[in-house]
Amino acid sequence: MRIDLESLSIFVKVAELGSFTRAGEQLGMPKARVSLRLKALEKELGSQLFQRSTRVVRLTPEGEELLPRARRLARDAEELGTMFQGARGLRGRVRIDLPVNIARDIILPRLPELLTRHPQLEVLINTTDRRTEPFREGFDCVLRVGAQGDPELVGRKLGILRMMNYASAAYLRRYGTPQRLEDLERHFVVHYAPGLGAETPTFEYPHEDGYRELPMRSMVTVSSVDAYVAACRAGLGIVQIPRLNARERLREDTLVEVLPALTCMPMPVSLLHTYGRSVPRRVRVVMTWLTELLDQSLETYKG
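Heads up: the sequence shown is residues 0 to 302, going by numbering that gives the first Met the number 0.
What follows is the structure in structure tokens.
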């Protein structure tokens, strides 16, 4: 029996994404070719690997048994294929998930430098405020601000992102500048709720050895970071954001820092990948570049 390694890689991608179409998109091949390669693999193995329907693709028990071994073999094969690429540069795609503002303000402006060094490398960057599912959505690495989340992700903490309280000059002219926690009784916050849920708007502040949340009034609820900052600039309330997000606005005098002694808990920043112990060289190189770039750009990431 001769098992085709490319077919195993296709099997792993379909299993992780639960979709022939999405696997084909990420692998750069038509859905029909994905299906044909898997049918050939099933014939070679003498076992059905997927239960197919119009709505869902699920692994059979045989597919579940094959997946961890196929994943190891596919990654080992990819590592061997890139082991001797040093002289001629990196090839292939690296799919990255990044917070919107970090991608816009820090990563994308410097990306030409990486691609000049590795012109055959293709970088796919996803930016969203929602918490993605890296294995199911096919990301090679993710930059997480806040809790790491999935315990299967591997990586390290880069540091912390210090938070600050801001309001627009127009808002402060209308409602006054708070000097103490008690002053917030007559103020508003911009409510950030990714799912536009019914959670109570709050202001987080340090208290003894931890942090507490003060319930507050809100004129508006938003579901994205950009809208959160825009609402603040429009005079709709106080926000609690990383100093990074406000750096340019402070220079433009559009935001004013308030209650500097009552900032909320710093947010951990981690760079994580989905490859366990065997990380492809192209992903390692991109992660090293991201780490160095953030280290140069963000003094606030160092705790």
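Beta carbons are placed, not taken as given, at the ideal position from N, Cα and C, and that holds for glycine.
#1: Just to confirm my understanding: we take L235, look at its own chain, exclude 5 residues before and 5 after, and list those with CB closer than 8 Å. What are they?
#2: Do the segment 95-103 and the segment 56-72 meet, that is, are 3 or more Cβ pairs less than 8 Å apart?
#3: Within the continuous beta strand (DSSP E) that includes Y170, where are the two ends?
#4: Who pairs with H117 in a beta bridge, going by DSSP?
#5: Taking the continuous beta strand (DSSP E) assigned at S269, which residues delimit it?
#6: Quick one: grab the DSSP three-state call for C263.
#7: Please classify D139: is it buried, with 16 or more other beta-carbons within 10 angstroms of its beta-carbon, or exposed?
#8: Can you tell me which of the three DSSP states Q47 falls into?
#9: Can you name the start and end residues of the alpha helix (DSSP H) that R232 belongs to?
#10: So what does DSSP say about I124, is it helix, strand or coil?
#11: Could you tell me the alpha carbon to alpha carbon distance between Y309 and I2, rounded to whole angstroms?
#12: Can you find a heavy atom of the ligand FAD that lies under 7 Å from the Cβ of E184?
#13: Our contact map puts M264 next to Y210 with C-beta atoms below 8 Å; I'd like the distance itself, whole angstroms only.
#14: When you compare each of L120, E15, V122 to L58 by their alpha carbons, which one comes out closest?
#15: When the Cα atoms are used, what is the spatial distance from E184 to I9?
#16: Counting C-beta neighbours from all protein chains within 10 Å, is the total for A86 16 or more, i.e. buried, or is it exposed?
#17: So for F10, helix, strand or coil by DSSP?
#18: Run the CB neighbour count on H117, radius 10 Å, all protein chains shown included, and call it buried at 16 or more, exposed below.
#19: On the three-pair Cβ rule with 8 Å, is the segment 138-153 touching the segment 254-273?
#20: In the DSSP assignment, the beta strand (DSSP E) including R211 goes from what residue to what residue?
#21: Taking V11 as the reference, which of A102, R32, L37 has the closest Cα?
#22: Give me the Cα-Cα distance between V284 and M163, rounded to the nearest whole angstrom.
#23: Can you tell me the Cα-Cα spacing of A146 and G45, whole angstroms?
#24: Is it the case that the Cβ atoms of E61 and L40 are separated by a distance below 8 Å?
#25: Can you give me the C-alpha to C-alpha distance between R32 and E212, rounded to a whole angstrom?
#26: Under three-state DSSP, which class holds M286?
#27: Find the nearest neighbour of P259 within the set Y165, G158, T201, T115, judged by alpha-carbon distance.
With the given structure in hand:
#1: Y170, F187, V189, M218, V219
#2: no
#3: Unbroken run through Y170 is the alpha helix (DSSP H), 168-174; no beta strand (DSSP E).
#4: Answer is none; H117 lacks a bridge partner.
#5: 266-272
#6: coil
#7: buried
#8: coil
#9: 224-232
#10: strand
#11: With the chain covering 0 to 302 only, the question about residue 309 has no answer from this structure.
#12: Within the structure as shown, the ligand FAD is missing, as the structure has no ligands at all.
#13: 5 Å
#14: E15
#15: 58 Å
#16: Only weak support exists for where A86 lies, its pLDDT of 47 falling under 50; the value from the coordinates is given anyway. Exposed, by the Cβ-count rule.
#17: helix
#18: buried
#19: yes
#20: 209-214
#21: L37
#22: 33 Å
#23: 43 Å
#24: no
#25: 54 Å
#26: helix
#27: Y165
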